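Comments concern the structure below.
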Amino acid sequence: MHHLFVTVGTTEFDRLVAAVLAPPFLAAAAAAGFGSLAVQLGRSPAAWRMATAAAAAAAAALPAADGAVRWADPATGIAIEAFTLKPSLEPDMRRAARIVSHAGAGSVLEALDLHRPLLVVANPDLMDNHQQELATALQRLGVLVCADSPDDLVRVFESADFEALVPLGRPDPAAFSSIMLEAAGLPIAGASAQ
Amino acid sequence: MLRLLAGLGPKPFRPRLYVLAESDTTSEPRIHELERQLGSSSSSSTDYRITRIPRSREVGQSWISTVITTLQAATSSLALLCTDPPDMARLAGIVSTRIVYVESFARVNSLSLSGKILYRIADCFVVQWPQLAARYPKAVFRGRLV
Numbered sequence: 331m332h333h334l335f336v337t338v339g340t341t342e343f344d345r346l347v348a349a350v351l352a353p354p355f356l357a358a359a360a361a362a363g364f365g366s367l368a369v370q371l372g373r374s375p376a377a378w379r380m381a382t383a384a385a386a387a388a389a390a391a392l393p394a395a396d397g398a399v400r401w402a403d404p405a406t407g408i409a410i411e412a413f414t415l416k417p418s419l420e421p422d423m424r425r426a427a428r429i430v431s432h433a434g435a436g437s438v439l440e441a442l443d444l445h446r447p448l449l450v451v452a453n454p455d456l457m458d459n460h461q462q463e464l465a466t467a468l469q470r471l472g473v474l475v476c477a478d479s480p481d482d483l484v485r486v487f488e489s490a491d492f493e494a495l496v497p498l499g500r501p502d503p504a505a506f507s508s509i510m511l512e513a514a515g516l517p518i519a520g521a522s523a524q
Numbered sequence: 002m003l004r005l006l007a008g009l010g011p012k013p014f015r016p017r018l019y020v021l022a023e024s025d026t027t028s029e030p031r032i033h034e035l036e037r038q039l040g041s042s043s044s045s046s047t048d049y050r051i052t053r054i055p056r057s058r059e060v061g062q063s064w065i066s067t068v069i070t071t072l073q074a075a076t077s078s079l080a081l082l083c084t085d086p087p088d089m090a091r092l093a094g095i096v097s098t099r100i101v102y103v104e105s106f107a108r109v110n111s112l113s114l115s116g117k118i119l120y121r122i123a124d125c126f127v128v129q130w131p132q133l134a135a136r137y138p139k140a141v142f143r144g145r146l147v
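What follows is the structure, encoded as structure tokens:
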């Protein structure tokens, strides 16, 4: 059985949390072979309440010592873990066979660098919705699939061809260094010697 | 931001002053980790320091209250420029300081508000998507940096 990781980053995205904890998505995840799910909830108290309510409905114990709440979804049997924030999400991302993420550049790049099949969900409620731009541009490159809103999540999760995704190339590690040295009027040769 | 700096190396730009939002609870351990990888000492301020200012706008904050919080953030930023004048600033600067602005990787087709303001002022204006480079002649494009 595969592991699925969902992350909303450091802000709030209640509609995505609600969508991934709802029966249609859990059924789609189970049908796609996922037996466990971890959801990173972000700062939102409402998202935390959704997770604890779902855990209570499944007669699960209260939050464990590590601050996460865990329960088994009664309908699908998927083992669900929910937590708010962690210093690093890399272990959770490494464990996952597929990642569902908000469209924040940091989360998206972290998942792509780990070569995890990635479904990005744009947040249509943000005032300046440039996140949609990034998700769309990266989808055009074929490195991820993108849903326009949490309402579109189940459809994309079920229909997208995750096998066909291609890796995003690594940035040139020396590029920013040479830009800074040029701007400061310093010799670029000095950078490569370090 | 930390992804960007990882490629910079420990020299010659030091000391580095990291300016974080007061509400940022996740970046500080990452900065220490990055600096540790660069070989810096956290006990000495000759390599780097971390300071905090109020955020001008939280995600989801109303535009009216943003006016007040932005003024508070601007005041703190100006105070910082007086107490810690940079030789080289990425975001904000004073006369004789060279300003390098790097637009977010998240901006594909249009500049952020910061980018629109700094496009006229910055000595070096960097974008990370070819679509933006095509629209803004002054912009430098060397591929993705983060």
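Here the protein sequences come in this chain order: A and B. Using my numbering, the first residue of the first sequence is number 331, and each one after it goes up by one. Using my numbering, the first residue of the second sequence is number 2, and each one after it goes up by one. We put the CB at the ideal spot given by N, CA and C, even for glycine. Remember, it's a predicted structure, so these values are computed and weren't measured experimentally.
Residue i at chain B interface by Cβ criterion, 8 Å
i               : result
H432 of chain A : no
A441 of chain A : no
A514 of chain A : yes
L415 of chain A : yes
D481 of chain A : no
I518 of chain A : no
A368 of chain A : no
G460 of chain A : The sequence as given places His at residue 460 of chain A; Gly does not occur at that position. It does: the Cβ of H460 of chain A has a partner Cβ on chain B nearer than 8 Å.
S437 of chain A : no
A505 of chain A : yes
Nearest-angstrom Cα separation, counted from residue j out to residue i
i               : j               : result
Q129 of chain B : R50 of chain B  : 27 Å
A465 of chain A : A504 of chain A : 26 Å
G40 of chain B  : R345 of chain A : 42 Å
R70 of chain B  : L18 of chain B  : Arg is not the amino acid found at residue 70 of chain B; the sequence shown has Thr there. Taking the straight line joining both Cα atoms gives about 22 Å.
S105 of chain B : Q462 of chain A : 14 Å
H333 of chain A : V484 of chain A : 17 Å
S115 of chain B : P13 of chain B  : 26 Å
S437 of chain A : L112 of chain B : 21 Å
W401 of chain A : D25 of chain B  : 30 Å
C83 of chain B  : A359 of chain A : 55 Å
G61 of chain B  : A22 of chain B  : 16 Å
I100 of chain B : I122 of chain B : 8 Å
T341 of chain A : H445 of chain A : 24 Å
T414 of chain A : F343 of chain A : 12 Å
L468 of chain A : D491 of chain A : 15 Å
V475 of chain A : D443 of chain A : 15 Å
S57 of chain B  : V109 of chain B : 23 Å
F506 of chain A : V496 of chain A : 25 Å
P517 of chain A : T27 of chain B  : 35 Å
Under the three-state DSSP convention, the category residue i falls into
i               : result
Q62 of chain B  : coil
Q370 of chain A : strand
V147 of chain B : coil
Y137 of chain B : coil
T26 of chain B  : coil
H33 of chain B  : helix
A426 of chain A : coil
A521 of chain A : Annotation note: pLDDT 43 at A521 of chain A (below 50); position unreliable, no value reported.
F343 of chain A : coil
E493 of chain A : helix
R15 of chain B  : coil
T52 of chain B  : strand
V486 of chain A : helix
E411 of chain A : strand
T337 of chain A : strand
S431 of chain A : strand
Chain A within 8 Å of residue i, Cβ atoms only
i               : result
V20 of chain B  : no
C83 of chain B  : no
T27 of chain B  : yes
R136 of chain B : no
V128 of chain B : no
D48 of chain B  : no
P86 of chain B  : no
V68 of chain B  : no
A107 of chain B : yes
S115 of chain B : no
S111 of chain B : yes
L119 of chain B : no
Whether residue i touches residue j by CB criterion (8 Å)
i               : j               : result
A135 of chain B : V127 of chain B : no
G339 of chain A : H460 of chain A : no
I32 of chain B  : L3 of chain B   : yes
P353 of chain A : R145 of chain B : no
V369 of chain A : A412 of chain A : yes
V473 of chain A : L449 of chain A : no
F335 of chain A : I429 of chain A : yes
A377 of chain A : V347 of chain A : yes
P375 of chain A : P30 of chain B  : no
8 Å contact criterion, which residue i and residue j should meet: CB distance rounded
i               : j               : result
A405 of chain A : L356 of chain A : 7 Å
A7 of chain B   : L35 of chain B  : 6 Å
D478 of chain A : A452 of chain A : 6 Å
T52 of chain B  : P16 of chain B  : About 12 Å separates the two Cβ atoms, so there is no contact after all.
I54 of chain B  : V20 of chain B  : 6 Å
A435 of chain A : A107 of chain B : 4 Å
A409 of chain A : G372 of chain A : Contact doesn't hold; Cβ gap of about 21 Å is too wide.
A513 of chain A : D124 of chain B : 6 Å
L9 of chain B   : M423 of chain A : So it is not a contact: roughly 25 Å between Cβ atoms.
Y102 of chain B : L119 of chain B : 4 Å
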